[in-house]
Amino acid sequence: MRMRPNHLGSGKTRNRSIAGLVAWAAASAMVAPVITAHADEAQQPLRLCADPTNLPFSSDSPSQPGFYVEIGQALAQALGRPITYDWYKSYFGKRTVRVTLLGKQCDAMIGLPRSEDFMGPAVIFSSPFAKEGYALVAAKGPALGGIDGLRGKRVAVQYASTPQNLLASRDDVQMVTVLSPEEGMQALDQGKADVAFIWGPVAGWLNKTGYNDRYQIELTEGEGLSWDAAIGFAKTSTELRDRVDAVLPQLQRTIGELAVKYGLPSGKPVRFGVNGAVPAGTTTGMGSGAQTGVHVTEIAKVAATEIKGDAAAPAAEAVGAGKEIFNGTCAHCHGPDAIQSERKIDLRLLRHRYGDDMRQTFWTTVHEGRPTKGMPAWKEVFTDDQFDNIYSFLLTVQTESND
Ligand code: HEC
């Protein structure tokens, strides 16, 4: 997961993340250790799995541990248990969850999308503690208030993201495609876009740490735009899950303070629907508001088809998207931009090596891996579209020799 979005849900392509906090109805109380009947287990540390380099969510830096790690610390304290960490990069997506959480290297993973579709029933969830989603980022001024507020504007959207699909059907909005939330913020800063419709938590963090809080950030919600974030456990950990659920309401005030500390956007999300924004009603999870959600999904599908139909522009975008995945996930073995002096793993030689079988070899190898040779299988991590993008990128770097 470098589920930065992609999250887990969206792969990082890590574009995932959080946006508004779920409004907890319960008044928060002081955090106090809970007396547990399981004295033996109470002595055992709570083992938290987290990405060492994924701020604002988590980091292995003690001075700036991140939103999820600090929630984990408050949680362990409320459970009366010490805490330990299992650090693991999240950009392996579901594979990360399989290796760490389901591999019993840790007891809990904070910030998973609370959805049966996400590795259920192997993974079970706590109640949601926050909402993560895309947000509208713009210079401070009147609220944009939803899709109609984007009319006539230049809007930065990330390649292959829900906002891009959502806006593809609007000829009154000019899209500026970017490859990351960072680039979206830069587009705003450089005057290339009026609004960035990008992953909220990352936008909030960048706004706070790199842009002096210059921009206002409005959360959005709707199918594919936001998720409830929860704590994930292996399905055998129902007892721990229930104990966590029992103390979560006490932690709500702390969670709210941490959201502010890490710059996560707050406030009532703007709901996006087929007819533009409908007034934000109750703050609900992805399961509700189904009707609006369905429409949005349909729009997204139609939009996606249209995008594919446009042959020229997406090619460059596919290469860019593939390169980003490659450099995020494949580069630490195959070299940045596929530059690698060791011939055996130099992917610039694929054509030279396989000729007409190049695509087939690529496809089989990335799907199934070569486990005995140290090449992981990626079929659970990336979609076929993402493999196509990686392939498009690799096509641009083929050469006859690597000396
Ligand atoms: C943990 C290290 C590692 C990572 C990460 C990794 N690979 Fe590999 N990959 C290997 C090794 C080692 C081989 C060579 C296997 C062999 O000797 O047959 C290989 C082989 C390949 C081959 C076949 C090369 C050939 O000439 O036969 C392809 C294609 C490939 N990798 C693509 C990828 C892509 C795409 C990614 C990212 C999604 C990736 N790899 C990530 C280690 C890795």
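Residues -39 to -1, 1 to 364 (mature numbering (1 follows the signal peptide of the UniProt record, and there is no 0)) are what the sequence shown spells out, left to right. All C-beta atoms in this analysis are idealised placements derived from N, C-alpha and C, irrespective of residue type, glycine included.
| Query | Result |
| --- | --- |
| Inter-stretch contact at 8 Å, needing at least 3 Cβ pairs: the region 34 to 46 / the region 153 to 163 | no |
| Exposure label - Lys196; buried when at least 16 CB within 10 Å | exposed |
| Proximity of Arg155 and Ala100 at Cβ, strictly below 9 Å | At residue 155 the sequence reads Asp, which differs from the Arg that was named. Cβ distance < 9 Å, so Asp155 and Ala100 count as in contact. |
| Own chain partners of Asp47 with C-beta closer than 8 Å, once the 5 adjacent residues on each side are dropped | Arg8, Leu9, Cys10, Ala11, Thr61, Gln66 and Cys67 |
| Among Ser227, Arg56, Ala277 and Pro23, the one whose alpha carbon lies nearest that of Glu179 | Ser227 |
| His295 vs Ile306 beta-carbon contact at 9 Å | yes |
| Local conformation of Phe287 per DSSP, three classes | helix |
| The ligand HEC heavy atom lying under 8 Å from the CB of residue 413 | Since the first residue of the chain shown is -39 and the last is 364, residue 413 is not available in this structure. |
| For residue 388, three-class secondary structure by DSSP | There is no way to answer for residue 388, as the model of the chain reaches only from -39 to 364. |
| Residues near Lys50 in its chain [Cβ-Cβ closer than 6 Å; skip 5 each side] | Asp12 |
| Contacting residues, own chain, Cβ-Cβ under 8 Å from Val26 (five flanking each side not counted) | One point to set straight first is that residue 26 is Pro, not Val, in the sequence displayed. So the list reads Ser19, Ser20 and Gln34, once near-sequence residues are dropped. |
| Exposed unless 16 or more other CB atoms sit within 10 angstroms - verdict on Asn173 | exposed |
| Host beta strand (DSSP E) of Leu127 (start-end) | That residue, Leu127, is in no beta strand (DSSP E); its alpha helix (DSSP H) goes Thr123 to Leu128. |
| Straight-line gap, Arg320 to Asp349 (C-alpha atoms, nearest Å) | 10 Å |
| First and last residue of the uninterrupted beta strand (DSSP E) at Asp46 | In the sequence under discussion, the amino acid at residue 46 is Tyr, which differs from the Asp named in the question. Looking at the DSSP string, the run of the beta strand (DSSP E) that includes Tyr46 is Ile44 to Trp48. |
| The ligand HEC heavy atom lying under 8 Å from the CB of Tyr315 | yes |
| C-alpha distance - Leu(-19) paired with Tyr223, whole-angstrom precision | With a pLDDT of 26 at Leu(-19), under the threshold of 50, the predicted position of this residue should be treated as unreliable, and no value is reported. |
| Contact test: His328 Cβ vs the ligand HEC heavy atom, cutoff 8 Å | no |
| Bounding residues of the alpha helix (DSSP H) (the contiguous stretch that carries Met146) | Pro142 to Asp150 |
| Extent of the continuous beta strand (DSSP E) to which Glu179 belongs | Tyr176 to Glu182 |
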